[in-house]
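Residue numbering for the sequence shown follows the numbering used here, beginning at 50 and increasing consecutively.
A quick write-up on the structure given underneath.
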Amino acid sequence: MKAKAVKMADGVYWVGVIHWHSRTFHGYGIPGTTYNAYLVFGEEKTVLIDNVYRGMFEQFDARVKDAFEQEGKDFKIDVFVQNHSEMDHSTFLRDTIAKYNPDAEIYASQNCINFLEAQYHNFGDLEINAVATGDELDIGGRTLKFISAPMLHWPDSMFTLLAEEGILFSNDAFGQHVAHSKRFDEFYDTEYLLREAQKYYANLVTLGSPMLRMKLDELTNSGLLEQIKMIAPCHGQIWKNPAPIVEKYSEWGSGVCKDKITVIFDTMHHSTEKLAYQIAEGIMSEGVEVAMYFMQEDGPDDVITDILDSKAIALGAPTMMNKPFPRIGNMMYWLDCVNFKGTGSEKSALIFSSKGWGGGAIAKLQNDLEAAGFTVTDTLDVLFVPDEDVLAEAFEKGAELARSIKE
Ligand code: FEO
Numbered sequence: 050m051k052a053k054a055v056k057m058a059d060g061v062y063w064v065g066v067i068h069w070h071s072r073t074f075h076g077y078g079i080p081g082t083t084y085n086a087y088l089v090f091g092e093e094k095t096v097l098i099d100n101v102y103r104g105m106f107e108q109f110d111a112r113v114k115d116a117f118e119q120e121g122k123d124f125k126i127d128v129f130v131q132n133h134s135e136m137d138h139s140t141f142l143r144d145t146i147a148k149y150n151p152d153a154e155i156y157a158s159q160n161c162i163n164f165l166e167a168q169y170h171n172f173g174d175l176e177i178n179a180v181a182t183g184d185e186l187d188i189g190g191r192t193l194k195f196i197s198a199p200m201l202h203w204p205d206s207m208f209t210l211l212a213e214e215g216i217l218f219s220n221d222a223f224g225q226h227v228a229h230s231k232r233f234d235e236f237y238d239t240e241y242l243l244r245e246a247q248k249y250y251a252n253l254v255t256l257g258s259p260m261l262r263m264k265l266d267e268l269t270n271s272g273l274l275e276q277i278k279m280i281a282p283c284h285g286q287i288w289k290n291p292a293p294i295v296e297k298y299s300e301w302g303s304g305v306c307k308d309k310i311t312v313i314f315d316t317m318h319h320s321t322e323k324l325a326y327q328i329a330e331g332i333m334s335e336g337v338e339v340a341m342y343f344m345q346e347d348g349p350d351d352v353i354t355d356i357l358d359s360k361a362i363a364l365g366a367p368t369m370m371n372k373p374f375p376r377i378g379n380m381m382y383w384l385d386c387v388n389f390k391g392t393g394s395e396k397s398a399l400i401f402s403s404k405g406w407g408g409g410a411i412a413k414l415q416n417d418l419e420a421a422g423f424t425v426t427d428t429l430d431v432l433f434v435p436d437e438d439v440l441a442e443a444f445e446k447g448a449e450l451a452r453s454i455k456e
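Here it is, written out as structure tokens:
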């Protein structure tokens, strides 16, 4: 197989792979993705940073060879840096070491070393150097600085800064799941990339928001943040202009939200649907943005994306057998899992339901939402089909929720 490496700076290459047809990544929908790996040529040592996912070795290996050919150097990797152990970035690490230099130096966080062995059970015979913030590696005229980044997004996550060039190899942090032919942010609309990055953050990084805030403070106070000229994550486009994504991470990680309400509903005989529509109209009547999701068609990953920067949600499910219609459950588990509490945002919630007789959905949803960090400020429990009076009440509850979040 032939594949070209992409030059990012003198002696620095993207040698990752494009997974054009991937449509799901451990549970959430994506329009394809990339697994980014990088080769850095120093005067004394050549370094591979990160690796790629299963089924992708030939494309990766072809790009590695092309980078060596572009540099006119022998095919030998002196140093392997593994920023994170999850399989999409490590499947072929062992094979690459065996192929390019079984005696290479290897660097990773201690957690990464432990996790590699626990996943592959064949790293125990390798000597891997544990590194953390403050450790550096001279590769000949160039310096790699290691920066521990636990929970961004796994306990083993680490950044590596190529100091002289100001290139931050950030692994999953600052990534986006997209698959494009060009590698840099400058070729694509910034708003589009930030939306994909928001989906990525919401679903994969939200839980680590307290650690993100600490890390951004640490990078700022140490002066490293201003040295970063380019951010090269392990998925998606490389940020030649890091300012927009750093600003967004700062906002998302600290709970900055818009005047926006995400309305989420499921329905059996269109009654809860009618309530959702009227609540949305009430919200819009106050000039507040609405994101609307129907859980028979939409994925929880997209819902989570919009909840991240919403000040409130309106959640509706019919009552079935004294409980919420169970199809809403997948989304509720995701909400509980990502845990928006860590961002510091205080999100309120309106819960609504159509019931036949005894009810029960609202109590269960309220309990689960409060456990996930939401403050339930209002409910609407409706008997069978809402009449005009009830629809007017739903409209007013939507408007009241909107007024309550407006600055
Ligand atoms: Fe893209 Fe945590 O792996």
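Even glycine gets a Cβ: it sits at the ideal position worked out from N, Cα and C.
Being a predicted model, the structure only gives us computed values, none of them experimental.
So, at 7 Å on beta carbons, what are the nonlocal neighbours of residue i in its own chain, with the 5 sequence-adjacent residues on each side left out?
i, result
"residue 329", "312, 339, 341, 447"
"residue 150", "125, 126, 127"
Taking DSSP's pairing of strands, which residues face residue i in a bridge?
i, result
"residue 269", "Per DSSP, none; premise fails for residue 269."
"residue 403", "431"
"residue 68", "82"
"residue 217", "210, 280"
Which residues in the same chain as residue i place their Cβ atom closer than 8 Å to its Cβ, once the five residues preceding and following it in sequence are excluded?
i, result
"residue 225", "242, 245, 246, 248, 249, 282, 284, 285, 286"
"residue 136", "102, 103, 168"
May I have the straight-line CA-CA distance separating residue i from residue j, to the nearest angstrom?
i, j, result
"residue 57", "residue 452", "48 Å"
"residue 171", "residue 449", "59 Å"
"residue 274", "residue 154", "28 Å"
"residue 402", "residue 355", "22 Å"
"residue 220", "residue 432", "51 Å"
"residue 66", "residue 178", "27 Å"
"residue 174", "residue 152", "12 Å"
"residue 411", "residue 106", "50 Å"
"residue 214", "residue 237", "23 Å"
"residue 255", "residue 52", "35 Å"
"residue 365", "residue 71", "32 Å"
"residue 156", "residue 266", "25 Å"
"residue 326", "residue 454", "19 Å"
"residue 404", "residue 318", "11 Å"
"residue 444", "residue 425", "18 Å"
"residue 264", "residue 381", "29 Å"
"residue 261", "residue 292", "16 Å"
"residue 434", "residue 408", "14 Å"
"residue 258", "residue 306", "14 Å"
Identify, in the order they occur along the chain, each residue of the same chain with its Cβ nearer than 6 Å to the Cβ of residue i, setting aside the five sequence neighbours on each side.
i, result
"residue 422", "389, 390"
"residue 109", "66, 101"
"residue 253", "202"
"residue 185", "192, 194"
Inspect the beta-carbon positions of residue i and residue j and report whether they are closer than 8 Å.
i, j, result
"residue 218", "residue 98", "yes"
"residue 212", "residue 192", "yes"
"residue 205", "residue 134", "yes"
"residue 118", "residue 189", "no"
"residue 270", "residue 207", "no"
"residue 349", "residue 383", "yes"
"residue 363", "residue 310", "yes"
"residue 61", "residue 216", "yes"
"residue 418", "residue 398", "yes"
"residue 304", "residue 394", "yes"
Count the other C-beta atoms from every protein chain shown that fall within 10 angstroms of the C-beta of residue i, then say buried if there are 16 or more, exposed otherwise.
i, result
"residue 361", "buried"
"residue 375", "exposed"
"residue 50", "exposed"
"residue 147", "exposed"
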